[in-house]
Each structure stands twice: as structure tokens, then as C-alpha cells.
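Residue numbers (the working numbering), protein chains in the order written: chain A, 6 to 121; chain B, 6 to 121.
Number of protein chains: 2
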Amino acid sequence: MPKTLTAHHGLEIWRRALTGSVRGEGPDLTARQMALMLTVYLTPQPHTVRGLAASLNVSKPAITRAIDRLSQLDYVRRKPDEADRRSVLLQRTVRGSVFLRDFGEQIARAAKSLEG
Amino acid sequence: MPKTLTAHHGLEIWRRALTGSVRGEGPDLTARQMALMLTVYLTPQPHTVRGLAASLNVSKPAITRAIDRLSQLDYVRRKPDEADRRSVLLQRTVRGSVFLRDFGEQIARAAKSLEG
DNA sequence: GGCGATCGTTTCGTTGGCGGATCGAGGCTA
DNA sequence: TAGCCTCGATCCGCCAACGAAACGATCGCC
């Protein structure tokens with residue numbers, strides 16, 4: 006359990022993790038795409054386009070496009086809502102889980118290398 | 006001083022800070038632009054285009070473009086290197102410092118709200 | 001002084017994200 | 001069943017970022 010992460014410390018962790026991500030070979034996602042990923046994987050289901058648009062304060066087409074990109078990477082999948090066929094629910098994928106797990110470990114490593 | 010920030014915890018902090026940033030009214034910087042900002046402000050001077058290109062593993066034109074964008078926001082300034090007129094050094098600005106300070110506090114807040 | 005190397009920038013064509021408007025599919029109510 | 005609403009997707013023109021190549025300016029060296 007972290008204890009009062011300071012702003013400066015947070016920035017330094019952010020720098021290391023982000024730099025690693027930029028340097029790396031992984032796909033480079035926009036801030037919105039990344040925010041969408043994190044929202045889908047870390048907040049309670051279900052996730053719809055309109056819900057995400059409201060949650061991220063972004064237009065619906067922007068969400069559709071982000072999903073296009075992420076599903077083409079197989080980081081997320083569309084699943085029609087059987088209860089309301091107008092809606093589309095987002096499903097997590099193994100590949101997306103792996104991507105986020107790796108990213109999370111990168112953050113943890115950055116934090117750890119700052120200790121002591 | 007943080008103590009063993011877990012991957013999951015790190016992701017959750019990342020989600021909250023990034024979502025806040027996406028929702029907010031600030032300029033949305035690309036991952037590269039943000040990485041450039043953090044490198045300039047958090048690592049030792051001086052910073053040159055080629056140095057940043059190597060550090061971020063990115064092409065020089067990409068760095069030039071990122072600097073164009075950031076200097077137009079007055080987050081960074083170009084200063085000719087008097088010792089080697091071919092080089093350009095990057096200077097920090099007040100506005101950039103404020104931007105990063107706010108962002109750092111957003112991270113700190115996200116971390117704090119996870120405690121306990 | 002001449003010449004190759006190195007600096008950051010510019011140009012070029014391409015790709016991809018953007019908001020706003022609009023669409024067709026589907027749901028809801030009477 | 002008719003009319004209206006809401007859903008996500010698509011179309012449109014625009015703008016920003018991309019890599020590769022070429023450029024002018026400047027340096028280091030002989």
C-alpha cells in the first residue's frame with residue numbers, strides 16, 4: 006500500500022513508465038485510447054459506447070474510433086447487447102490483459118527503482 | 006516515500022490521472038510530447054534534439070515537431086547553443102512548470118484517494 | 001581554405017484522429 | 001402499428017503527426 010506519493014515522485018514514475026512505453030515496440034496509443042483501455046479493464050462492467058463517451062467527456066464517434074483501433078489490436082472486443090440490440094458491450098481480451106499487466110509492471114518497476 | 010507500489014495500484018493511479026487529463030480542458034499532448042516534456046523537466050540539462058531523439062528512440066523530425074508543438078504552447082523554448090551553433094538547447098518555462106506541477110498533483114491526488 | 005561529418009529543420013506523401021451531422025437499426029409507448 | 005426516441009456507426013472536411021530523404025548551416029580536421 007503506497008504512502009503519500011508526492012507530486013514529484015509521481016511525475017518521475019510517470020516519466021519512466023511513459024518513456025519506456027514510447028521507446029518500446031508496443032503500439033502507441035493516444036491518451037484517449039489508453040484511458041478507454043484502463044476504464045474498460047479497471048472499472049465495473051458493462052461498458053457501452055455512450056457510457057464511455059460520458060465518462061471520458063468525449064464524443065461518441067471518438068469512442069467508436071478508439072474501439073476500432075483497440076479491437077483491431079485485439080485489446081478489446083465488441084459484443085452486441087442481447088437485452089438491447091442497439092447497444093454494444095465491450096469485452097476484455099487476453100491480449101489486452103497481457104498488455105495492461107505489462108504496463109502495470111512497468112509502473113511498479115519505475116516506482117521500485119525510486120525507493121530507498 | 007512510496008513503498009512497493011503494486012502493478013494494479015499503479016494502473017489504477019494511471020487511470021485516474023489520465024482520465025482526469027483527458028476529461029479536462031488542458032491541451033492533449035501525445036505520448037511522445039508528454040515524454041519529451043518530462044524528460045526536459047526531470048532529467049539533467051542540457052537537452053538537444055539529437056539527445057532527446059536517442060533517449061526516446063524516435064526520429065529527429067519527430068522531436069522537432071514535438072518541440073514545435075510544445076513551444077507554441079510555451080511549455081518549452083529553443084535556445085541556440087553558443088558553443089556549437091548547430092545545436093539547439095531546450096529551456097524550461099514557467100508555464101511548462103505550472104503544467105507539470107498540476108499534473109503531478111493530479112497523480113498525487115489519485116494515489117492519495119487509493120490509500121487506506 | 002577545403003571537405004566530409006554532424007546539427008536541426010524542412011519537404012513530401014501518407015496515415016489517422018478530430019467534431020458535427022446524419023444514418024439505419026432497434027426499442028418504447030399508445 | 002405509427003411515431004418518436006436512443007443506440008452505435010458512418011460520412012465529411014480538416015488538421016496533426018508520421019518516416020524518409022534532402023537541405024543549409026556549422027563544426028572539426030588536415
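Glycine included, C-beta positions come from ideal geometry on N, C-alpha and C.
Min CB distance residue i to chain A below 8 Å
i         : result
His52(B)  : no
Arg97(B)  : no
Arg40(B)  : Here residue 40(B) turns out to be Ala, not Arg, going by the sequence shown. True, the Cβ-Cβ gap to chain A drops below 8 Å.
Ala58(B)  : no
Gly109(B) : yes
Gly15(B)  : yes
Arg20(B)  : yes
Asp33(B)  : yes
Ala88(B)  : no
Gly101(B) : no
Within-8 Å CB hit, residue i to chain B
i         : result
Thr9(A)   : yes
Lys117(A) : yes
Leu47(A)  : yes
Arg70(A)  : no
Leu75(A)  : no
Ala104(A) : Residue identity differs from the one stated: residue 104(A) is Phe in this sequence, not Ala. With 8 Å as the cut-off, Phe104(A) does not count as an interface residue toward chain B.
Leu43(A)  : yes
Val27(A)  : yes
Arg37(A)  : yes
Ala113(A) : yes
Ala67(A)  : no
Leu78(A)  : no
Leu94(A)  : no
Rounded Cβ spacing between residue i and residue j (contact assumed at less than 8 Å)
i        : j        : result
Glu17(B) : Leu94(B) : Actually they do not touch by this definition, with Cβ atoms about 38 Å apart.
Leu41(A) : Leu23(A) : Not really, about 17 Å apart at Cβ, beyond 8 Å.
Cβ pair residue i, residue j closer than 8 Å
i        : j         : result
Arg21(B) : Ala115(B) : yes
Val63(A) : Arg37(A)  : yes
Arg83(B) : Ser76(B)  : yes
Ala12(B) : Arg100(A) : no
Leu10(B) : Trp19(A)  : no
Proximity winner among the options, relative to residue i (alpha-carbon distances)
i         : options                                    : result
Thr35(B)  : Pro85(B), Ala12(B), Asp86(B) and Ile68(B)  : Ile68(B)
Tyr80(A)  : Thr11(A), Gly31(A) and Gly25(A)            : Gly31(A)
Pro51(A)  : Pro85(A), His13(A), Leu10(A) and Asp107(A) : Pro85(A)
Ser102(B) : Val45(B), Ser26(B) and Trp19(B)            : Val45(B)
Leu57(A)  : Val27(B), Trp19(B) and Gln96(B)            : Val27(B)
Gly25(B)  : Ala59(A), Gly109(A) and Ser76(A)           : Ala59(A)
Lys65(B)  : Ser92(B), Phe104(B) and Pro49(B)           : Ser92(B)
Ile72(B)  : Leu10(B), Thr9(B) and Gln96(B)             : Gln96(B)
Leu78(A)  : Trp19(A), Leu10(A) and Phe104(A)           : Phe104(A)
His14(A)  : Leu47(B), His14(B) and Asp89(B)            : Leu47(B)
Arg74(B)  : Gln111(B), Glu110(B) and Met39(B)          : Met39(B)
Enumerated in chain order, which unbroken segments of the alpha helix (DSSP H) with a length of 4 residues or greater are wholly contained in the stretch 28-91 of chain A?
You should have 36-47, 54-61 and 65-77.
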